[in-house]
Amino acid sequence: MMKRIPLRSLTTLLVLIACIHNAVAQSTEISYLSGTGSDHTVNWQFYCTAGSNAGKWTSIPVPSCWELQGFGKYDYGFAKDSLRGKESGLYKYTFQAPAHWKGKKVNIVFEGVMTDATVKINGKSAGPIHQGAFYAFKYDISGLLKYGTANLLEVTVAKHSANASVNDAERKADFWIFGGIFRPVFLEALPAQHIAALAVNANANGALHAVVKVNAQQGKQLSLQLYDKDHQKVGGQIIKTLNTSEIHIDTVYAGIRPWSAEFPNLYDAEISLLDKGKVLHILHQRIGFRTVELKQRDGIYVNGVKMKFKGVNRHSFRPETGRTTSKTISIEDVQLIKDMNMNAVRMSHYPPDAHFLDVCDSLGLYVMDELAGWHGHYNTETGTRLVKEMLEHDVNHPSIVLWANGNEGGHNKELDHLFPELDPQQRPVVHPWQLFNGIETQHYREYNYGIGNYDNGKEIVMPTEFLHGQFDGGHGAGLEDYWAHMWQNPLSAGGFLWDFSDQGVVRKDKHDSLDTDHHRGADGIVGPHHEKEGSFFTIKEVWSPVFIERREITPAFDGTLNIENRYAFTNIDQCHFTWQLKQLETSAVYNGTAPAPHLKPLEKGILQLTLPPNWNTYDVLYLSAKDPHGKELFTWSFPITSPVALTAKKIDTIGTGKVSIREHDSLWLVSAADIHIAFNKKNGLLQEVKHGNTVIPFNHGPILQEGENNFADFSHHYQGSNLIITSSFDRKNSYNTLQWTIYPSGVVKMSVQYFPAAYFTSLAGVNFSFPEKEMRAIEYMGSGPYRVWKNRLKGTTFGIWKKEYNDTETGESWKYPEFKGYHANMYWCKFITASQPFTVYTENESLFLRLFTPAWKTDQWHNYEPIFPTGDLSFMQGISSIGTKTQRNETTGPMGMKNIFYDYEKEPERALQIVLYFDFSGK
């Protein structure tokens, strides 16, 4: 039996329904025809004219790049024109237009189509062909729709544009080029009288200027009401009477919280079109109050503060979906960028998805929004239309602080005037790679670059690309030098690294393999799926807004650390500091917090740790800083124990047996505690090691590099129970010396005193041989877990690390951290091999462990060349730096130069010394 609804309740329900319907009617109604992104798609009918899966009607998810769905032909932007895929895609989709939309203005909106789009509704043209892939465009299809019934949408997409200038700007470029409806498609229904457009200039001082375009009769009214994040009203309602189609609203709000990358405060501006108090149309626009000012020969100011942009270039990209992304992807990207303590991102080399800018607004990231133009540019007619589309779409985002007109010569200067004309905020315009508008943006300048510019110039310096990544080079390699210089230079506005992630695309035509087009796409700080390279952590430390001065921990350490505030708007007392003392082998810890000192931006001061009386019994001190939002900025590590002290605790030199020696041909055969070692009598090199009957294939060392292996005139004698095998010093012929000490416990000590071969050397240390195929893993105490280069030493953490063997080549495979390479600050290392493990200890501070040799790579300019010693395992005091795609290593700054050592006329007291202890017992 059906229950009756009380009349009063029924009346209330009807009123509620009417209110909801009225609210919907007042707002712009959105109906998606496609999905909203790569994680939500809708299948449309599809026909590809050439390439894979061509010549048949089937279906395709929209939005998408059709190559990633198995259609057409993959091309990188450097492909010869004669080899490029120039297929077209034909799309069909049937949709309903609600009956109540009749009488409204209905637009079909395309957020991005690559590249030429011809649109029909029910067999009739929706408007002129649209050319240009990265720009939202719309057609008024009100008169083409059948309301209350089915409608047919047909879109023909040519990925190679009929407009040569579009191809020059977008497709002749150093990135993957795709085809398809790669961003969402939707219908928007507006009331017949409606708000057509809104552009806002909201300043940090609370002043707001709004330009509102309306399609309404004169005499109607326009109101503005501001709301905060809690939807509480801010200020009163402002009402204007329409007497023209463009209305300007000016007001000032008190107590406004400005927007910045550090504090991304946002507000909701509600604009209403009224007819005698009745709401005809409501538009909501999220805004931030933020001021950008360019002061010539001074700097770029945000909210009155001179900025240092810590930026990166970013492509809209994912391996499985190409240029089709999602809001989830945008959040992931922005969070990763901010995790590196970056505050800025450049949209290279085209405008991004709307949701990416939304996320930059809400999470806080300064944006350089860019008109496409890699090395070529749009013609003036095409470019004028696309600039207007870009600014209409992006103008209200507070995160955008700079506009870029093209890239590296892809600048149509006839378009420059459009930016200030269309932008009420008057944000600065740059020409990346040029000196324009008083901002020198030269790409990939060397550290000491410049004739009449940069350090010798008068203009603001802000490279829009620098330290170009290539495999493991660039990015963090050189950044410490560059940033130290940028930070101190008052004309420096920072810069933008190239680039965020490796562009490895899934090749549907190659069994779903990942393709970076060899070296061209292997230039990211993170891998295609955001695998973190070593540079990620170097950047995180170098660009930390909390700067901790270097401090060596000695017995006199009183817990004070020098600190500097490198924020623009944050006081250090808004941050949070914790610290930990740790005994690495027992994992015993002592935790503490440190009060954050009151330090305004750019101020220096003291961070005080209150340590326990036994603090020096621990191995390491860790200090962590979190920002006001709880995000970790960095964790610094300060070793407390020294290699000498630790080795003395770990090494058993006593034993219970005896050390024996006998000659056999050219060898001395030494035995102690079931360890059997063969030394070459002439040059003193280790020839063979056995534990019992097990051969440990560690031999042929120490070989000096770079230095003369002139160890000579060896003799042996006993010192107590210990056997000493030593060379003789001769200032002319055998000035490098080697001494072995074999203890009754079977432990072997090596002491090498040496002079590098020249004043400048790439390498300094000793090498041994070990078959790579026999290595399984290492466990070591030192800085890790990532490898280092001479010009990329920051970003590691001191601790005990276990690394399984891998053959990772950075940017070609993505199992990180890499096994091969240089590892910093080794105290000891246990080599886990196919036969039995052995361990090496050292008394040296700052000793580098070298593990095998990554694959050799070079280029026509000899920029990226990983320099490694001969042999397989090395213990080094000087290692090589690494170059970038566009620079040799020595041009990335002082840390990129070769090692320097003066030989002091071969004075023995001035020689470098390496002391190692070898434990071959398998413990």
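First residue of the sequence shown: 1139, per our numbering; consecutive thereafter. Yeah, the Cβ is synthetic: ideal placement off N, Cα and C, and Gly gets one too.
Under DSSP, the beta strand (DSSP E) around residue i begins and ends at which residues?
i       : result
Trp1512 : Premise fails: Trp1512 is in no beta strand (DSSP E) and is neither H nor E.
Gly1632 : 1632-1635
Asp1413 : 1405-1413
Arg1645 : 1643-1645
Ala1732 : 1727-1732
Met2069 : Within the shown structure, residues of the chain are numbered from 1139 to 2061, placing residue 2069 beyond reach of any answer.
Ser2082 : The structure shown has nothing for residue 2082, since the chain only spans 1139 to 2061.
Ala2053 : For clarity, residue 2053 is Val in the given sequence; the question names Ala instead. Where Val2053 is concerned, the enclosing beta strand (DSSP E) stretches over 2050-2057.
Glu1470 : Unbroken run through Glu1470 is the alpha helix (DSSP H), 1465-1477; no beta strand (DSSP E).
Arg1424 : 1416-1425
Asp1803 : Neither: Asp1803 is in no beta strand (DSSP E) and is coded neither H nor E.
May I have the straight-line CA-CA distance separating residue i from residue j, to the nearest angstrom?
i       : j       : result
Leu1291 : Pro1766 : 50 angstroms
Leu1931 : Thr1698 : 24 angstroms
Tyr1756 : Lys1678 : 26 angstroms
Ala1348 : Arg1428 : 14 angstroms
Lys1351 : His1493 : 24 angstroms
Pro1329 : Thr1232 : 24 angstroms
Thr1382 : Asn1339 : 20 angstroms
Val1483 : Gly1616 : 20 angstroms
Glu1225 : Leu1432 : 45 angstroms
Trp2063 : Thr1466 : For residue 2063 there is no data in the structure shown, the boundaries of the chain being 1139 and 2061.
His1159 : Thr1389 : Note that His1159 scores a pLDDT of 43, beneath 50, so its modelled location is shaky and nothing firm can be said.
Ile1686 : Met1913 : 38 angstroms
Leu1152 : Ser1361 : For Leu1152, the pLDDT reaches just 34, beneath the cut-off of 50, and the residue's location in the model is therefore unreliable, although a value from the coordinates is still provided. Using only the alpha carbons, I get a separation of about 28 angstroms.
Asp1532 : Ala1407 : 16 angstroms
Ala1161 : Ser1410 : Note on Ala1161: pLDDT 47, under 50, position unreliable in the model; the coordinate value appears next. Approximately 12 angstroms between the Cα atoms of the pair.
Phe2058 : Pro1975 : 7 angstroms
Ser1973 : Phe1836 : 11 angstroms
Pro2007 : Tyr1892 : 16 angstroms
Ends of the alpha helix (DSSP H) at residue i?
i       : result
Pro1558 : 1556-1560
Gln1626 : 1617-1626
Glu1248 : Per the sequence shown, residue 1248 should be read as Phe rather than Glu. It is not in any alpha helix (DSSP H) - Phe1248 instead sits in the beta strand (DSSP E) that spans 1243-1248.
Cys1498 : 1492-1501
Met1528 : 1518-1532
Asp1997 : From DSSP, Asp1997 is part of no alpha helix (DSSP H); its letter is neither H nor E.
Val1349 : That residue, Val1349, is in no alpha helix (DSSP H); its beta strand (DSSP E) goes 1345-1353.
Glu1679 : 1672-1680
How about residue i and residue j: are their beta carbons less than 8 angstroms apart?
i       : j       : result
Leu1737 : Asn1703 : yes
Leu1421 : Leu1336 : yes
Ile1100 : Pro2004 : Nothing about residue 1100 can be read from this structure; the chain reaches only from 1139 to 2061.
Gln1331 : Lys1358 : yes
Val1304 : Gln1355 : no
Ile1589 : Leu1629 : no
Trp1999 : Tyr1960 : no
Gln1877 : Ser1866 : no
Gly1502 : Pro1402 : yes
Phe1675 : Ser1775 : no
Quick one: is residue i buried, meaning 16 or more other Cβ sit within 10 Å of its Cβ, or exposed?
i       : result
Lys1416 : exposed
Asp1368 : exposed
Ser1984 : exposed
Glu1519 : exposed
Lys2023 : buried
Asn2037 : buried
Asn2027 : buried
Ile1385 : buried
Ala1565 : A small fix is needed here, since residue 1565 is Arg in this sequence, not Ala. Buried, by the Cβ-count rule.
Asn1752 : exposed
Glu1559 : exposed
Assuming residue i and residue j make a contact with CB atoms under 8 angstroms, what is their CB distance in whole Å?
i       : j       : result
Ile1267 : Thr1256 : 5 angstroms
Gly1449 : Met1478 : Not really, about 10 angstroms apart at Cβ, beyond 8 angstroms.
Ile1663 : Gly1607 : 7 angstroms
Lys1446 : Ala1631 : 7 angstroms
His1549 : Trp1512 : 11 angstroms between Cβ atoms; not a contact.
Ile1880 : Ala1810 : 5 angstroms
Asn1591 : Glu1578 : 6 angstroms
Thr1654 : Gly1672 : Not really, about 18 angstroms apart at Cβ, beyond 8 angstroms.
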